[in-house]
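Be aware that the sequence shown starts at 1, since it is given in UniProt numbering, and climbs by one per residue.
Beta carbons are placed, not taken as given, at the ideal position from N, Cα and C, and that holds for glycine.
I have placed the structure first, in the form of structure tokens, so that the comments after it can refer back to it.
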Amino acid sequence: MFQSSQKVITQIRSSAAMKTNEGCVFLGPNRIYEFLDEEKLKLTQNGIYCQQELNCIMRLAPVLILLLSLWAVSGGDNDRKPAPTNALSPDDLRRIKAVLEKGLELKDPLLTSYSVLSNSFLGVETQKGADVCKYLLANLDSLDGSKIEPVFANVAAISKLTGCKVPALKAPVKQVAEKLVKEIGGASQEIFYAAASLKLSGTVVDGVKLAEVIKATIKTDDSPQSLGYALWATALAYKSGQKLDIWERIEDIVAQADEVDKQFLQFEGGLSVTAIIISGIFRIAEAANKPLPLTTDQVIKFGNYLVSRKTVTTPRGVFLLASALDVISKNKYSVPVYLGLAGSNVLTDANRVVTLRGSDLLGRPLDINVVLESAVSADGKKAVGVEFIQALPDKTDKTLFTIDLKSKPLSKGFFTLTLVPKSAKNEKNLILQAATVQVKQVGKLGAVSCRVGVQELDQQDHVTWTDLNKGQRLPTKLDLEPAQKLVVRVTASDSLHQVFVLLRHKETKREVAFIAQPETSGKTDYKLELDLTSNAKDLNYQSGSYEVVLYLGDFLIEDSTEWVLGDVQLTVFSGKPKSINQLYSVAYGPKPEIKHQFRVPEPRPPRFLSDTFTLLVLAPILILLILWAKIGVNISGFPASISALGFHLGLAGIFGVYATFWLKLSMFEALKIMTVPGLITFISGHRLLSFISERRTKGS
């Protein structure tokens with residue numbers, strides 16, 4: 001965190017006097033200077049003048065600007081302090097219990113094992129423990145060790161069941177587990193499962209050898225998940241005085257966490273990776289009796305993230321969540337204390353009691369006292385008399401506290417309550433941070449009156465008013481013509497968020513609402529002017545008898561009012577509504593099938609014309625045959641080579657494809673077939689031309 005600007009300036013001004021090569025002196029903390037002009041700098045303490053002092057100080061300006069900019073970017077002294085944002089509530093625990101009950105149906109041994117483990121961390125006794133024990137023992141006996149996770153889950157779950165004893169591992173399973181903790185080659189996750197299985201089943205694990213295996217393992221895989229399991233496994237077999245190489249890696253692991261909104265810390269990989277790493281860090285710190293390598297802010301941020309993942313839907317996810325929250329909430333270093341609202345945040349005159357919940361992150365009670373330090377309104381004013389009020393603990397639920405503000409003079413509005421937790425037994429490991437909660441004080445609707453009037457359009461200053469108090473109706477039915485306005489004016493003792501007038505047609509029951517706008521005279525006066533000409537469209541050009549209803553409401557008023565003002569007879573401007581655009585009146589439902597109709601082909605020419613054209617096209621062939629008969633065919637000039645034969649055969653093939661295309665092939669089919677004779681013709685023709693050229697060259 002960067003220091004504040006005052007601290008930065010103090011450090012610079014408190015530096016020892018230094019002399020530059022230009023003869024300028026930077027003075028100590030008690031020498032105050034002020035600029036008189038661009039040439040001189042007067043020192044108020046001893047009257048020394050230095051003409052170049054100004055230049056020296058100006059050279060410091062970029063440094064000062066940089067420091068102040070960094071301080072501003074970092075948030076200055078107003079950084080939001082992290083605080084526990086939530087904890088597991090009774091509703092959360094009930095939902096989690098439903099998730100674990102599915103695992104206790106004894107259909108999947110792995111799910112059953114993680115359900116039992118989750119219950120143990122949550123402090124819940126597993127129902128039908130004898131049946132579950134028998135089921136897990138039978139499953140453990142059937143395992144061959146090909147997968148080590150089921151062995152760990154079974155053994156760990158059996159150790160948590162009351163009256164259920166962990167048996168010795170079968171020889172094949174034990175052999176696999178011992179190989180993992182003694183020989184290099186396994187993953188950190190498998191090593192942890194193996195070490196835990198051996199230890200819980202009564203086999204001593206060599207901590208030194210295990211540390212060597214883990215050291216070699218994390219050299220090949222130093223991902224956060226691998227390091228987390230390595231920490232947890234090391235803590236299982238650690239012995240006092242043992243060399244702890246992995247401890248130096250914790251700082252690097254924590255540095256890889258991602259921060260969100262300055263309130264959450266998490267690792268890439270989500271709940272599983274974060275829970276494993278946090279559990280490993282706490283457990284190895286306790287096993288080695290070392291200071292926790294996490295700050296209180298980091299503990300709170302990691303805890304906030306874990307609690308935010310309370311909607312897990314699998315027993316294994318619950319196990320990871322509960323195990324991490326358990327170690328955060330039950331350690332000798334740093335235990336976050338959650339303090340927040342447990343009931344409604346709305347206070348009324350009849351019920352002005354604030355219900356709070358104070359617990360650890362697992363929702364378990366703590367031995368704390370809670371004090372309401374202050375209540376500050378939305379405009380920054382402290383509520384008089386609402387300070388240092390002791391919250392009363394609930395007699396049945398030790399996580400609940402109540403603060404009775406009934407005798408306190410709270411006005412309507414929003415208030416921020418500052419709550420301070422204190423340890424009843426002066427426990428040093430509790431992170432006791434002040435928490436703030438938002439409450440809303442609501443009240444009754446104050447005095448309100450209404451004036452209903454009829455105004456002539458051509459006489460703006462002349463209005464016939466009828467004054468009504470709250471709940472009263474119009475004594476007579478008002479009759480309005482198109483050249484008149486219906487005016488409704490409301491005066492209230494409080495500002496209102498919602499003031500609108502509803503007109504309900506007596507016959508059609510059609511309702512139209514109009515908003516009464518605040519008048520310029522103040523926020524407690526509202527006015528609606530309903531012009532029967534300009535607002536005729538809103539009324540659907542429908543004249544007749546209307547019931548006028550006034551609605552008054554506000555988010556700080558608990559008794560929103562529906563006030564029936566009476567009936568009015570409206571003669572609305574007789575303009576007819578425009579016909580509805582057909583685009584907006586299309587009925588929903590299946591539409592007629594769209595059938596595509598191809599364009600009708602143009603008529604073919606007469607048969608005589610087409611035959612004549614065909615004969616004209618074929619005439620050159622007939623002429624060629626006649627000339628060959630008279631002049632003769634120069635067959636002796638035909639090159640006797642494969643290229644010549646291939647060229648003419650390819651050319652014939654091309655014409656054959658053309659003929660086939662004309663008869664039945666499509667264009668794409670013809671193009672595919674054309675590649676074969678075309679390629680042969682191209683290659684053969686190239687060689688044939690080269691042969692003819694060489695022969696002519698030799699002949700000349």
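Contact between ALA195 and ALA237 holds: their C-beta atoms lie close to 6 Å from each other, under 8 Å. Straight through space, the alpha carbons of ASN139 and PRO172 are spaced by roughly 15 Å. In this chain, the alpha helix (DSSP H) harbouring SER188 covers 188-200. Distance from the CA atom of ILE680 to the CA atom of ILE623, rounded to whole angstroms, is 29 Å.
Between SER545 and LYS506, the C-beta spacing is below 8 Å.
Shown here for SER279: same chain residues with a beta carbon closer than 7 Å to its own, the five before and five after excluded, namely TRP232, SER323, ALA324, VAL327 in chain order.
GLN390 and ASN369 have their C-alpha atoms roughly 8 Å apart. When beta bridges are read from the DSSP output, HIS505 appears opposite TYR546. Judged by their CB atoms, GLY303 and LEU271 are not nearer to each other than the 8 Å cut-off.
Between the C-alpha atoms of ALA378 and ILE300 there is a straight-line separation of about 28 Å. Contact annotation: the region 420-434 touches the region 359-376, with at least three C-beta pairs closer than 8 Å.
In the DSSP annotation of this structure, the continuous segment of the alpha helix (DSSP H) that includes ILE300 starts and ends at 296-308.
Remark: three or more beta-carbon pairs, one from each stretch, lie closer than 8 Å, so the region 189-209 and the region 148-162 are flagged as touching. For CYS450, the enclosing beta strand (DSSP E) begins and ends at 448-456. Counting every other CB atom within 10 Å of its CB across the protein chains shown gives GLU190 a total of 16 or more, marking it as buried. One alpha carbon belongs to TYR229, the other to ASP92, and they sit about 28 Å apart.
According to the DSSP secondary-structure assignment, ILE557 is paired through a beta bridge with GLY443.
Contact between ILE184 and ALA216 holds: their C-beta atoms lie close to 5 Å from each other, under 8 Å. Scanning THR296, VAL564, LEU320, ARG687 for the CA closest to the CA of ILE277 turns up LEU320.
In the DSSP assignment, ALA492 falls within the beta strand (DSSP E) that extends over 484-492. Distance from the Cα of GLN298 is smallest, within the candidate group ASN289, ALA287, VAL335, GLU286, for VAL335. Around the beta carbon of ASN119, 16 or more other beta carbons sit within 10 angstroms, so the residue counts as buried. Burial check for GLN517: the Cβ neighbour count within 10 Å stays below 16, so the residue is exposed.
DSSP places GLN266 inside the beta strand (DSSP E), whose first and last residues are 264-266. Residue state for ILE158 is assigned as helix, using DSSP reduced to three classes.
By the Cβ test, the region 472-479 is not in contact with the region 429-447, since fewer than three Cβ pairs between them sit closer than 8 Å. Residue state for GLU105 is assigned as coil, using DSSP reduced to three classes. Residues ARG451, GLY453 of the same chain have their beta carbon placed closer than 6 Å to that of TRP465, with the five preceding and five following residues left out of the count. Taking the Cα of GLY163 as reference, the smallest distance to any Cα among PHE401, SER226, ALA130 is reached at ALA130. For ASP467, the uninterrupted beta strand (DSSP E) run begins and ends at 459-469, by DSSP. Nearest to ALA483 by alpha-carbon distance, out of VAL657, THR571, ASP525, is THR571.
When secondary structure is reduced to three states using DSSP, LYS215 falls in the helix class.
In this structure, the straight-line span from the alpha carbon of PRO293 to that of LYS243 is close to 17 Å. Segment contact: the region 387-403 against the region 342-354, three or more CB-CB distances shorter than 8 Å; contact assigned. Put simply, the region 525-538 does not touch the region 560-568. Fewer than three CB pairs are less than 8 Å apart. With respect to the 8 Å criterion, ASP494 and VAL512 are not classified as neighbours on the basis of their beta carbons.
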